[in-house]
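Novice:
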Amino acid sequence: MLTETRTFVRLGLLSIVGLAFYYGHLFLGMVGSAWLFKALAVSFLVATVPLPIIAVNNRRLFPALEKRTKHLVAMGAMLLLMHHFLMTFIFVMFLPEGRGF
């Protein structure tokens, strides 16, 4: 139980770093290499995939939280996954090789 909670928290923090990566590159063009940029985008997406799975399937994830709060955690993880999927799709398929806007 403790291992899954630690995994969830670590993947959640990595996904939040992914948010900073996506918007940092979108507005500042922080990554110069197109190959490295696409690899990082896909890596952040892959790291975010288990979050909703762990949040929905593990009823003992955060035992101190109420049922409503656990539902909000699961919905937040799902929204984070959808955000990362859309941003990765847009960045890999449509964004030009150079800097952002």
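Each residue of the sequence shown is one higher than the one before, counting from 4 in our numbering. Ideal placement from N, C-alpha and C gives every residue a C-beta, glycine not left out.
Mind checking whether the beta-carbon of residue 80 lies closer than 8 Å to any heavy atom of the ligand NAD?
Specialist: Questions concerning the ligand NAD fall outside what the structure shown contains, since it holds no ligand whatsoever.
Novice: Hey, quick one: how far does the alpha helix (DSSP H) through residue 85 stretch, first residue to last?
Specialist: Counting from one through the sequence shown, the residue named residue 85 turns up at place 82. Note, residue 85: alpha helix (DSSP H), 70-96.
Novice: Given residue 104, which residues of its chain have a CB within under 6 Å of its CB, disregarding the five upstream and five downstream residues?
Specialist: Here residue 104 refers to the residue found at position 101 when the sequence shown is read from its first residue. Reliability of the predicted coordinates at residue 104 is poor, the pLDDT of 48 falling under 50, and no value is obtained from them.
Novice: CB-CB under 6 Å to residue 98, same chain, minus the five flanking residues each way: which ones, in chain order?
Specialist: Within the sequence shown, residue 98 is the residue found at index 95, counting from 1. Cβ neighbours of residue 98 beyond the five flanking positions: none.
Novice: Taking the CB atoms as reference points, tell me whether residue 8 and residue 65 lie closer together than 9 Å.
Specialist: Residue 8 sits at position 5 when you count from the first residue of the sequence shown. Residue 65 sits at position 62 when you count from the first residue of the sequence shown. Yes.
Novice: Between 71, 39 and 13, which lies nearest to residue 50 when the distance is taken from Cα to Cα?
Specialist: Numbered from 1 along the sequence shown, position 47 holds the residue referred to as residue 50. Here the closest residue by C-alpha is 13.
Novice: Pull up the distance between the alpha-carbon of residue 67 and that of residue 52, whole angstroms please.
Specialist: Indexing the sequence shown from 1 puts residue 67 at position 64. Indexing the sequence shown from 1 puts residue 52 at position 49. About 24 Å.
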